[in-house]
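For reference, the structure discussed in these notes is given below.
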Amino acid sequence: MGAGQPGDREWPITMTDRTMIDSKAIDPKTTASKVADPYLSHLELDQPDKTFLDSNELVINMGPQHPATHGVLRVILKLDGEKVLGTECVIGYLHRGVEKIAENRTYTMFNPYVDRMDYVAAVSNGLGYCEAVEKLLNIEAPPRAKYIRVILTELNRMASHQLWLGTHALDIGAMTPLFYTFRDREEILKIFEKYCGARLTTHAFRIGGCQYETYEGFERDVTKFLDFVPPKIDEYEELLTSNRIWLERTKNVGVISRADAIALGVTGPVLRASGVKWDLRKAQPYAAYSDFDFEIPIGANGDTYDRYTVRMEEMRQSLRIIRQAVERIPEGPIMAKVPKVMKPPVGEVYHSIEAPKGELGYFIVSDGSTQPYRVRVRPPSFVNLQALDVMVRGALVADVIAVIGTLDIVLGEVDR
Amino acid sequence: MVSKLNGQYGSGIREASTYLGQNYMVVEPSVVSELLQILRDREQFDYCVDITAVHYPEREKQFDLLWILYSFPRNERIRVKIMIADGESVPSAVSIWATANWLEREVYDMFGIRFDGHPDLKRILLPDGWKGHPLRKDYGIIQQDQEWVQANLGIESGP
Chain A
591 MGAGQPGDRE
601 WPITMTDRTM
611 IDSKAIDPKT
621 TASKVADPYL
631 SHLELDQPDK
641 TFLDSNELVI
651 NMGPQHPATH
661 GVLRVILKLD
671 GEKVLGTECV
681 IGYLHRGVEK
691 IAENRTYTMF
701 NPYVDRMDYV
711 AAVSNGLGYC
721 EAVEKLLNIE
731 APPRAKYIRV
741 ILTELNRMAS
751 HQLWLGTHAL
761 DIGAMTPLFY
771 TFRDREEILK
781 IFEKYCGARL
791 TTHAFRIGGC
801 QYETYEGFER
811 DVTKFLDFVP
821 PKIDEYEELL
831 TSNRIWLERT
841 KNVGVISRAD
851 AIALGVTGPV
861 LRASGVKWDL
871 RKAQPYAAYS
881 DFDFEIPIGA
891 NGDTYDRYTV
901 RMEEMRQSLR
911 IIRQAVERIP
921 EGPIMAKVPK
931 VMKPPVGEVY
941 HSIEAPKGEL
951 GYFIVSDGST
961 QPYRVRVRPP
971 SFVNLQALDV
981 MVRGALVADV
991 IAVIGTLDIV
1001 LGEVDR
Chain B
399 MVSKLNGQYG
409 SGIREASTYL
419 GQNYMVVEPS
429 VVSELLQILR
439 DREQFDYCVD
449 ITAVHYPERE
459 KQFDLLWILY
469 SFPRNERIRV
479 KIMIADGESV
489 PSAVSIWATA
499 NWLEREVYDM
509 FGIRFDGHPD
519 LKRILLPDGW
529 KGHPLRKDYG
539 IIQQDQEWVQ
549 ANLGIESGP
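Going down the list, the sequences are from chains A and B.
Counting from 1, position 271 in the first sequence corresponds to residue 861 in my numbering; the numbering is continuous, with no gaps.
Counting from 1, position 30 in the second sequence corresponds to residue 428 in my numbering; the numbering is continuous, with no gaps.
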């Protein structure tokens, strides 16, 4: 694999011996039945002279049961030899109708459901939902609750990025980072467990603040973690950042330009790696983020390597935010005055936060009753996944794996 | 900005207001395509955050269709809303923002609103042969396409 531009790669394409497959001998009816699958229609296989047997093009399925698709994602690849001519994502295998469920639950009852969308960053989901409902109710969480929220959300961002790094590196063929990241992620999950009893689907926040006061020794545990983890991040970087195999597999792979990224609505680290310095924590601060100093790391080339460096730096910035929050955490109540029966006034609100994967938005419509009339979740993974096709066209099959990993999708959130 | 657009469209913009600090405007379906184009080109709303719909079955114009837009240069959001009747189709915004592709497919899947000029309008989350659009209010919470479930999964399930 060369390190030049993606288009430069010329790969020997295994040509099928044309004498072996006489395209005229193929019954047109059988060829037609191959394109009955509507997912294949846009790949233009229905044109007789473009059947894959005739032109050495091959259509294969990657997934839904494929370890490198991070869940149940089916990607239909149209290939010319090893080169990707086009892709089509088939999603929905994990669709549970979260938005429909919301319409049949009260505001409080729906809160734990949002944790099940992006199940590796449950705390962020909960934060977005609680803040959206608070906005609709026109209440504000007390400062102490906001600080607790920031600490837990940033810890969760850290955990999400560690999980991403481990699995992404595993996809590319590096096994060790997985063990390292999962070992260190455990420390975060222990803090979650001690705080609220759950490790993954935490349901950490309530509308109006937090349910639980921090446990005895919370600050000490978090500070201990802050001292423990920076050398570990250096350790990950030591394994990968200048590793020749890693560079070959990630540099100039899955490039997305700044303009394409904006047009495709891509957010989060993927957008920042393309050179857009935009982070909702800075652009439209929520919770207590306006109180902290931190940088927004950006990339220059928009390739897989840049997305890796952006996320690595984001982990360090998260630690910076957590340290400031732990040091300055104010005393006071953790719950605002919230009515026992929540009936937000009639109206609509859109609120979004910077989740580990990008902009996570909630659009909530209230009809004045105890149940939301409509909850729309704007999932970052869903929108980011749409960019896959642009990013892998002209690349190799192995690069598709790398790009799915670098997009950091969670299918629970894509399908909802 | 709104007053400028108002001068151009007059009655096309029915309402432009702010609720809880969030700007939105309600416009006529006939001008929405042009308006979205103008919002992107002249007002720098270069990022289409989301497209979604809300169903009000008791209304004559049953659906609210919304575009949530954001501008990177202005750091500002706006919601554009139209009201349409069941069966009415809407011009697609895919040529304005590429991201509209999947978002419109999801609206079609969940509500059955058709988008004219969409390159590949088909279901996205539900399987292709599925009947019904689940986020409509007349679709029950445990309702499902039993025919599809039996034919494809081979199980007896549902109410």
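Note that the Cβ used here is the ideal one computed from N, Cα and C, for glycine as well.
Residue i: CB within 8 Å of a non-hydrogen atom of the ligand FAD
i: Phe-513 of chain B; result: Ligands are entirely absent from the displayed structure, and the ligand FAD is therefore not among its contents.
Nonlocal neighbours in the same chain, by C-beta distance under 7 Å from residue i, ignoring five residues either side
i: Val-967 of chain A; result: Val-688, Glu-689, Met-707, Tyr-952 and Arg-1006
i: Met-508 of chain B; result: His-531, Pro-532 and Leu-533
i: Glu-724 of chain A; result: Glu-730, Ala-731, Ile-797 and Gly-798
i: Ser-415 of chain B; result: Tyr-422
i: Asn-651 of chain A; result: Arg-664 and Ile-666
i: Gly-958 of chain A; result: Lys-933, Pro-935 and Val-936
i: Thr-698 of chain A; result: Ile-797 and Met-932
i: Phe-884 of chain A; result: Gln-907, Arg-910 and Ile-911
i: Gly-922 of chain A; result: Pro-732, Pro-733 and Arg-734
Limits of the unbroken beta strand (DSSP E) element including residue i
i: Gly-414 of chain B; result: A small correction: the amino acid at residue 414 of chain B is Ala; Gly does not occupy that position in the sequence shown. 411-417 is the extent of the beta strand (DSSP E) around Ala-414 of chain B.
i: Arg-664 of chain A; result: 664-670
i: Asn-651 of chain A; result: 647-652
i: Glu-693 of chain A; result: First-last for Glu-693 of chain A: 688-693, but that is the alpha helix (DSSP H), not the beta strand (DSSP E).
i: Thr-677 of chain A; result: 673-680
Spatial neighbours of residue i in its chain, beta-carbon cut-off 6 Å, leaving aside the 5 residues before and after
i: Lys-822 of chain A; result: Asp-774
i: Gly-995 of chain A; result: His-758 and Asp-761
i: Glu-771 of chain A; result: In the sequence as displayed, the identity of residue 771 of chain A is Thr instead of Glu. Result list for Thr-771 of chain A: Gln-752, Leu-755 and Gly-756, in chain order.
i: Ile-781 of chain A; result: Asp-811
i: Phe-443 of chain B; result: Leu-437, Leu-467 and Ser-469
i: Arg-512 of chain B; result: Ser-487
i: Glu-783 of chain A; result: Arg-789
i: Ala-658 of chain A; result: Asp-761 and Ile-991
i: Phe-700 of chain A; result: Ala-692
i: Thr-743 of chain A; result: Val-713, Ser-714 and Leu-717
Element boundaries [alpha helix (DSSP H), containing residue i]
i: Leu-753 of chain A; result: 733-762
i: Gln-544 of chain B; result: 544-551
i: Ser-719 of chain A; result: It is Tyr, not Ser, that sits at residue 719 of chain A in the sequence shown. Residues 712-727.
i: Arg-897 of chain A; result: 894-918
i: Ala-873 of chain A; result: 870-873
i: Glu-554 of chain B; result: Where Glu-554 of chain B is concerned, there is no enclosing alpha helix (DSSP H), given that its DSSP letter is neither H nor E.
i: Met-699 of chain A; result: 697-704
i: Gly-1007 of chain A; result: Missing from the structure shown is residue 1007 of chain A; chain A here goes from 591 to 1006 and no further.
Same chain, Cβ closer than 8 Å to residue i, five either side skipped, listed in chain order
i: Ser-428 of chain B; result: Gly-410
i: Leu-454 of chain B; result: Residue identity check: residue 454 of chain B is Tyr in the sequence provided, not Leu. Once the five neighbours on either side are set aside, the close Cβ partners of Tyr-454 of chain B are Gln-460, Phe-461, Asp-462 and Lys-535.
i: Val-982 of chain A; result: Val-674, Thr-677, Gly-844, Asp-989, Val-990 and Val-993
i: Trp-528 of chain B; result: Arg-521, Asp-543 and Trp-546
i: Asn-550 of chain B; result: Pro-525 and Gly-527
Residue-level contact to chain D via CB, residue i, 9 Å cutoff
i: Leu-434 of chain B; result: Here the protein chains are A and B, and chain D is not one of them.
The segment 496-514 of chain B contacting the segment 971-981 of chain A, beta-carbon criterion three pairs below 8 Å: By the Cβ criterion, the segment 496-514 of chain B is in contact with the segment 971-981 of chain A, since at least three pairs of Cβ atoms, one from each stretch, lie closer than 8 Å.
Within 9 Å of chain A by C-beta, residues of the segment 530-550 of chain B in sequence order: Along the segment 530-550 of chain B, going in chain order, the ones with a CB nearer than 9 Å to a CB of chain A are Pro-532, Leu-533, Lys-535, Tyr-537 and Ile-539.
Mind listing which residues of the segment 440-471 of chain B have their C-beta closer than 9 Å to chain A's C-betas, in chain order? Under the 9 Å Cβ criterion, the segment 440-471 of chain B contributes Asp-444, Tyr-445, Cys-446, Val-447, Asp-448, Thr-450, Ala-451, Val-452, His-453, Tyr-454, Asp-462, Leu-464, Ile-466, Tyr-468 and Phe-470.
Contained alpha helix (DSSP H) runs [length at least 4] in the segment 935-986 of chain A, N- to C-terminal order: Counting only runs of 4+ residues, the alpha helix (DSSP H) found wholly inside the segment 935-986 of chain A occupies 970-975 and 978-982, in chain order.
The segment 724-739 of chain A: which residues have C-beta closer than 9 Å to a C-beta of chain B, in chain order? For the segment 724-739 of chain A, which is checked against every Cβ of chain B, the residues closer than 9 Å are Lys-725, Leu-726 and Asn-728.
Could you list the residues in the segment 690-709 of chain A with a C-beta less than 7 Å from some C-beta on chain B, going in chain order? Listed by position, the residues of the segment 690-709 of chain A near chain B (Cβ gap below 7 Å) are Lys-690 and Asn-694.
Residue ranges of each alpha helix (DSSP H) run of no fewer than 4 residues wholly in the segment 415-497 of chain B, ordered along the chain? Correct list: 427-439.
Note down, in chain order, all residues in the segment 935-969 of chain A with a beta-carbon under 8 Å from any beta-carbon belonging to chain B. Considering only beta carbons, the part of the segment 935-969 of chain A lying closer than 8 Å to chain B consists of Gly-937, Glu-938, Val-939, Tyr-940, Ser-942, Glu-949, Gly-951, Phe-953, Val-955, Tyr-963, Arg-964, Arg-966 and Arg-968, in chain order.
Mind checking the segment 411-432 of chain B against chain A and listing, in chain order, the residues whose C-beta falls within less than 7 Å of any C-beta there? Listed by position, the residues of the segment 411-432 of chain B near chain A (Cβ gap below 7 Å) are Tyr-417, Leu-418 and Gln-420.
Report the residues of the segment 485-507 of chain B with a CB closer than 7 Å to any CB of chain A, ordered along the chain. Per Cβ criterion, the list reads Trp-495, Ala-496, Thr-497, Asn-499 and Trp-500.
If the cut-off is 9 Å on Cβ atoms, which residues from the segment 871-898 of chain A count as contacting chain B, listed in chain order? For the segment 871-898 of chain A, the residues whose beta carbon sits under 9 Å from a beta carbon of chain B are, in order, Ala-873 and Gln-874.
Is the segment 697-712 of chain A touching the segment 985-1004 of chain A, taking contact as three or more C-beta pairs under 8 Å? The segment 697-712 of chain A makes contact with the segment 985-1004 of chain A, as at least three CB pairs between them are under 8 Å.
On the three-pair Cβ rule with 8 Å, is the segment 801-811 of chain A touching the segment 938-953 of chain A? Not touching, per the Cβ criterion.
Suppose only complete runs of 4+ residues qualify. What are the alpha helix (DSSP H) ranges in the segment 780-866 of chain A, listed by chain order? Fully contained in the segment 780-866 of chain A are the following alpha helix (DSSP H) runs of length 4 or more, in chain order: 808-830, 834-840, 848-853 and 859-863.
Contact between the segment 488-498 of chain B and the segment 443-456 of chain B: three or more CB pairs below 8 Å? Yes: the two stretches touch, three or more of their Cβ pairs being nearer than 8 Å.
Taking one C-beta from the segment 878-888 of chain A and one from the segment 730-749 of chain A each time, how about it: are there three or more such pairs within less than 8 Å? Segments in contact, yes.
Cβ contact (3+ pairs, closer than 8 Å) linking the segment 721-734 of chain A and the segment 983-994 of chain A: Too few Cβ pairs lie closer than 8 Å, so no.
At a Cβ cut of 7 Å, what residues of the segment 641-666 of chain A count as close to chain B, listed as they run along the chain? Among the residues of the segment 641-666 of chain A, none has a Cβ less than 7 Å away from any Cβ of chain B.
What residues in the segment 511-522 of chain B bring their beta carbon closer than 9 Å to a beta carbon of chain A? Taking a C-beta cut-off of 9 Å against chain A, the contacting residues of the segment 511-522 of chain B are Pro-517, Asp-518, Lys-520, Arg-521 and Ile-522, listed in chain order.
Please give me, in chain order, every unbroken run of the alpha helix (DSSP H) with length at least 4 that falls completely inside the segment 498-546 of chain B. Here the runs fully enclosed are 498-509.
Residues of the segment 912-927 of chain A whose Cβ lies closer than 8 Å to any Cβ of chain B, in chain order: Going along the segment 912-927 of chain A in chain order, one finds no residue with a Cβ nearer than 8 Å to chain B.
If contact means a Cβ-Cβ distance below 7 Å, which residues of the segment 830-854 of chain A contact chain B? Flagged, chain order: Ile-852, Ala-853 and Leu-854.
Closer than 9 Å between beta carbons: that is the criterion. Which residues of the segment 986-1001 of chain A meet it against chain B? Legend: CB atoms of the segment 986-1001 of chain A lying less than 9 Å from CB atoms of chain B are not found in any residue.
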